[in-house]
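Chemist: Heads up, the final residue of the sequence shown is numbered 335 in the working numbering, and it's a clean run with no missing numbers.
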Amino acid sequence: MEGARRYFVGGNWKCNGALEFNKFLIEDVINKLEFDPAKVDVIVAPTTLHIAMAKVMVADNVKVASQNVSLYGTGAYTGEIAAEQLTDFGIEWVIIGHSERRALYGEANETVGTKVSNALEAGLNVILCIGETLEQRESNSTNDVLKEQLDACKESVKDWSKVVIAYEPVWAIGTGKVATPEQAQETHAYIRQWMAENVSEEVGAATRIIYGGSVNDKNCGDLINQSEIDGFLVGGASLKLAFQKIVSTASEHQGTQESA
76 MEGARRYFVG GNWKCNGALE FNKFLIEDVI NKLEFDPAKV DVIVAPTTLH
126 IAMAKVMVAD NVKVASQNVS LYGTGAYTGE IAAEQLTDFG IEWVIIGHSE
176 RRALYGEANE TVGTKVSNAL EAGLNVILCI GETLEQRESN STNDVLKEQL
226 DACKESVKDW SKVVIAYEPV WAIGTGKVAT PEQAQETHAY IRQWMAENVS
276 EEVGAATRII YGGSVNDKNC GDLINQSEID GFLVGGASLK LAFQKIVSTA
326 SEHQGTQESA
């Protein structure tokens, strides 16, 4: 398929893993991934405490991401990590807007927009997470919620090639529930429509939109078969051997897309 979007698979370790477990995870799972880097970008996001170890230990074809970034630059902000510090350390990616940050730490849409702006200005690439709650989906408000979240970031992004959008329905994160392939396809299509209408059709067609929410080695094949799904942001399964299957599935499917 001419101009196929390169797939993207991210592993978000969240606040998991002690030193020895993370060494095992890197050596026996991450560094044994089988994929074509020309077809799939793979990143892992360990805890801040383990970023340095991961940066040194992971294979060259896997990038390390931060799970968060400060709302501010360097200075008197105890406990924070500024975007400039991440880039200085050689980190290329950051996750912003994850529903756990929004819900547990009160990060509003405007806060997410500012973080996106700061990260991009510092030279980071951004995984922008958006998604609705179960109540919002059941009230048919999904598109309205996503529009508000995207609108808050519109002015923050000058170059959308540095942004991957991760659609993560809140009701599917860590619950074992997963959006059906049809639900995910429909919602991703809406996000791409928003991009076309609010940025440009070219950007809408080129921007990678990935799915997150209880992705595992059993459901990844059905999800990646959807034309609007360009990969995954994986939570719990990224801490298991299942991550290898998820990555290889994306890599193999991208090959079939390009030959179609």
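Don't be surprised by glycine CBs; every beta carbon is placed ideally from N, CA and C. Bear in mind the structure is a predicted one, so any value in this text is a computation, not a measurement.
Going residue by residue through the stretch 207 to 246, where are the continuous alpha helix (DSSP H) segments of at least 4 residues, counting only ones entirely within it?
Modeler: Runs found: 209 to 213, 217 to 229.
Chemist: Going by C-alpha to C-alpha distance, which of A93, W246, D116, V131 sits closest to I321?
Modeler: It is D116 whose Cα lies nearest to the Cα of I321.
Chemist: Using 8 Å as the threshold, is the stretch 255 to 270 in touch with the stretch 306 to 320, meaning 3 or more CB pairs across them?
Modeler: With a cut-off of 8 Å, the stretch 306 to 320 and the stretch 255 to 270 do not count as touching, because too few Cβ pairs lie within range.
Chemist: Taking only runs that begin and end inside the stretch 175 to 201, name each unbroken beta strand (DSSP E) of 3 or more residues, in chain order.
Modeler: The qualifying runs do not exist here; there are none.
Chemist: What number of angstroms, rounded off, separates the C-alpha of G148 from the C-alpha of T189?
Modeler: Whole-angstrom Cα-Cα distance: 11 Å.
Chemist: Within its chain, find whatever has a CB closer than 6 Å to the CB of E77; leave out the 5 residues flanking it on each side and keep chain order.
Modeler: In this prediction, E77 has a pLDDT of 41, which is less than 50 and means its spatial position is unreliable; what the coordinates show is noted afterwards. Closer than 6 Å at Cβ, skipping near neighbours: no residue.
Chemist: So the beta strand (DSSP E) A140 belongs to, where does it begin and stop?
Modeler: Element bounds for A140: 137 to 141.
Chemist: What first and last residue would you give for the alpha helix (DSSP H) that runs through F99?
Modeler: Its alpha helix (DSSP H) spans residues 94 to 99.
Chemist: Would you tell me roughly how many angstroms separate the C-alpha atoms of N300 and H328, rounded to the nearest one?
Modeler: Approximately 8 Å between the Cα atoms of the pair.
Chemist: Can you tell me which of N273, T208, N136 puts its alpha carbon nearest to the alpha carbon of P244?
Modeler: P244 has its Cα closest to that of T208, out of N273, T208, N136.
Chemist: Between the Cα of Y82 and the Cα atoms of I285, S289, V290, L195, which residue gives the shortest distance?
Modeler: Here the closest residue by C-alpha is I285.
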